[in-house]
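Worksheet: one structure, shown below.
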Amino acid sequence: MAGEKITTRAQDYSQWYLDIVNRAGLAENSSVRGCMVVKPHGYALWERMQAALDRMFKETGHVNAYFPLLIPKSYFAKEEQMAEGFAKECAVVTHYRLKSVPGKGIEVDPEAKLEEELIIRPTSETIIWNTYKNWIQSWRDLPLLINQWANVLRWEMRTRLFLRTAEFLWQEGHTAHATKAEAEEETAKMLEVYRVFAEEWMAMPVLFGPKSEGQKFPGAEYTLCIEAMMQDKRALQAGTSHFLGQNFAKAFEVMFQNSTGQLEHPWATSWGVSTRLIGALIMTHSDDQGLIAPPRIAPVQVVICALGKEAAEREASLSAAKQLATALKALPREEFFNFDTIAVKVDEDFHNTPGYRFNEWELKGVPVRVEIGPKDVAQNACVLARRDQPGKEGKQFGIPLDQAPLRIVELLKSIQANLFAKAKAFRDANTHTVETYDDFRQKIESPGGFFLAHWDGTRETEDKIAAETKATIRCIPKNLPNEPGVCMVTGRPSAQRVVFAKSY
RNA sequence: CGGGGUGUAGCUCAGCCUGGCUAGAGCGCUUGGUUUGGGACCAAGAAGUCGCAUGUUCGAAUCAUGUCACCCCGACCA
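For the first sequence, this note's numbering gives the first residue as 9, with consecutive numbering after it.
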């Protein structure tokens, strides 16, 4: 509520991001290091994402369950790559009781030391596969398609609200399959769910494909990802889907009897997206006036501002506003809105000036604002303002009230499409093809962006490039032109171009 | 974890270098009034353990040491 304008992107990009998080009321830092408080408007964004994703998971045959927050240390150690990958960021529970010490306050009771230490989940593969051991006996138990919505904790050194916090919210899918082919198909299918969600719901264009060896999930055979470009041209990993092979089945001795009576290890996948998506949403669409939420994700899709000076004017505006809200809510539910009614809010805050109220709603990212004042009431009309075109340019005047509901729905759809098109045009304009390492090294600094380059497929070359340029391989894209060539660094053969970028 | 910076009212900050009476401003908040189509105005008012701890001193927001948190840059990072 304080102050007026937020920092512009040109002035200071990361301050702009923090200003939006703050002024749009999305989240704040808590008194606990690295852990954020997600505020109502930020949480509402997450709920919209959850609703759309959960529906998609159910449609692809998955069910939800819940597994414990605490994992015995020994489970965690069973899968070597994973233990190694996460060891440095695990919080450990060592005691189960406090005691009051006169004069010193509350202390950990040394008598209450746990026999086996517990770690707070950084991800749940181990506890889940330890459980699957009891659930899977026959090929008839497969596939097992489970998802959980949960919090996880990774002790990050440096945190940024939503993008990297110690505790965050996510969903993690964990599936078990009878055959390798089926598990691989699942891995690809869920990546596709994420792609559709990112592009059609969040209006965020993504590249997709496998990660390089060096960037994959610890414990996975390979990792598929969706990767988006933020407005500062840096890459953000927005979702991952892992083919885990039989690694966890072997580590936890999970076996099933196939239809010919033989014992086999099942094949596994896991896949997740997190509250990081809220950061992605902000940095994909927002502008110097504040947040821009794509209509399908916006917690408030339409705000109707009733305006007026005299009590009678206010009453008339408010009454028209409420009628319009009712008409909007009465529209048939449709897929575009995830079969919800349109989320409408009537703003009757007459204490603040119209300008103040318009700016506040723009800060919060509401896609469509309707203004109804005395001039509109007089002609039984209203003004429509679209958030993706701030100021007067984005306004349509004199829309008859009886036509407004359908015009608003059209507008929401148009904004959704426009945001995607804008973001895609930006990404495409900042995606470059480079042939030589010299050219790459120069252009990664300026102008920056995504670079399509040939790479020999080795870890050494990848590490060398990362060390020298700070750019990493974001993904080996499956939705971009694909041709063989020679590695820009070593000159060795390369099957296809990969995407290099600086990333979050 | 390394380098740098900052912690004073809900927010942004001044005061600190050079210690001194009762700690200030703007915004926000409360009350009353006037206002209202792109961030209104007047008046009155409430609000601060000066991040925390210890030390130096007759006296500490101010000096010293420690500690915690946050921000920026690195390192690290499904």
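Note that beta-carbon positions come from the ideal geometry of N, C-alpha and C, so glycine has one too.
Taking C-alpha atoms, which residue in the options lies nearest to residue i?
i	options	result
Lys107	Asp117, Val100, His49, Cys98	Asp117
Lys86	Asn255, Pro213, Phe65	Asn255
Thr248	Glu194, Ala259, Ser38	Glu194
Arg482	Glu468, Asn72, Leu460	Leu460
Ala18	Ala437, Arg505, Asp295	Asp295
Leu488	Cys313, Gly227, Glu379, Phe458	Phe458
Phe251	Thr277, Leu78, Val507, Val160	Thr277
Gly402	Leu409, Arg394, Pro408	Arg394
Ala288	Trp369, Leu169, Leu150	Leu169
Met263	Lys432, Trp137, Thr444, Glu343	Trp137
Arg513	Tyr51, Glu133, Thr167, Val71	One cannot answer for residue 513 here, as it falls past the ends of the chain, which runs 9 to 512.
Phe434	Phe225, Arg377, Thr292, Glu418	Thr292
Pro48	Gly33, Glu133, Ala236	Gly33
Thr283	Thr16, Trp24, Ile14, Met57	Met57
Glu133	Gly253, Ala503, Ser267	Gly253
Ala158	Ser38, Val29, Tyr230, Pro76	Pro76
Glu221	Gly181, Lys432, Ser38, Glu468	Glu468
Ile350	Gln270, Ala338, Gln411	Ala338
Ala236	Lys258, Phe225, Phe260, Ala211	Ala211
Ala120	Ser38, Val101, Lys141, Leu392	Val101
Lys66	Met238, Phe84, Ala333, Gly181	Gly181
Phe358	Lys372, Glu342, Val374, Gly381	Gly381
Gln397	Ala335, Arg322, Leu299, Cys98	Leu299
Ala425	Arg172, Tyr51, Tyr25, Glu207	Glu207
Met496	Asp447, Tyr512, Ser82	Asp447
Cys233	Met198, Ser39, Met44	Met198
Leu53	Leu409, Leu285, Gly363, His462	Leu285
List the DSSP bridge partners of residue i.
i	result
Ala306	Note: Ala306 sits in no beta bridge, so no partner.
Phe216	Ile234
Glu363	First, the residue type needs correcting, since residue 363 is Gly and not Glu in the sequence shown. According to DSSP, Gly363 bridges with nothing at all.
Thr480	Ala509
Lys353	Val311
Cys390	Ile407
Met44	Asn37
Ser493	Correcting the residue type first, residue 493 is Gly in the shown sequence and not Ser. According to DSSP, Gly493 bridges with Ser502.
Asp295	Gly298
Asn346	Answer is none; Asn346 lacks a bridge partner.
Is residue i buried or exposed, if buried means 16 or more other CB atoms sit within 10 Å of its CB?
i	result
Pro501	exposed
Phe347	exposed
Met165	exposed
Ala509	buried
Pro218	buried
Asn388	exposed
Gln404	exposed
Pro413	buried
Gly316	buried
Gly151	Per the sequence shown, the amino acid found at residue 151 is Pro instead of Gly. Pro151 is buried by the Cβ-count criterion.
Phe366	buried
Gly11	Because the pLDDT at Gly11 is just 45, under 50, the model does not fix this residue reliably, and the point stays unresolved.
Glu88	exposed
Pro485	buried
Ile28	buried
Asn72	exposed
Asp355	buried
Tyr202	buried
Leu126	buried
Pro3	With the chain represented from 9 up to 512, any question about residue 3 goes unanswered, as that position is not in the structure.
Leu271	exposed
Gln179	buried
Glu342	exposed
Which residue comes first and which comes last in the alpha helix (DSSP H) that contains residue i?
i	result
Val29	21–31
Glu92	88–94
Arg56	48–67
Arg322	319–337
Could you please give the first and the last residue of the uninterrupted beta strand (DSSP E) stretch that includes residue i?
i	result
Pro80	78–80
Gly222	That residue, Gly222, is in no beta strand (DSSP E); it is neither H nor E in DSSP.
Val376	376–380
Asn37	35–37
Any heavy atom of the ligand COA closer than 8 Å to the beta-carbon of residue i?
i	result
Leu153	Of the ligands one can find in the structure shown there are none, so the ligand COA has no counterpart to examine.
Discussion item. Suppose only complete runs of 4+ residues qualify. What are the alpha helix (DSSP H) ranges in the stretch 234–292, listed by chain order?
Written reply: 255–259
Item to complete: Mind listing, in chain order, the continuous alpha helix (DSSP H) runs of no fewer than 4 residues lying wholly within the stretch 104–158?
Response: 133–143
Worksheet item: Which ranges would you report for the beta strand (DSSP E) in the stretch 156–203 if only whole runs of at least 3 residues count?
Response: 175–185
Practice prompt. Ignoring anything shorter than 3 residues or poking outside the stretch 395–483, list the beta strand (DSSP E) runs there in chain order.
Written response: 403–408, 439–441, 458–462, 480–483
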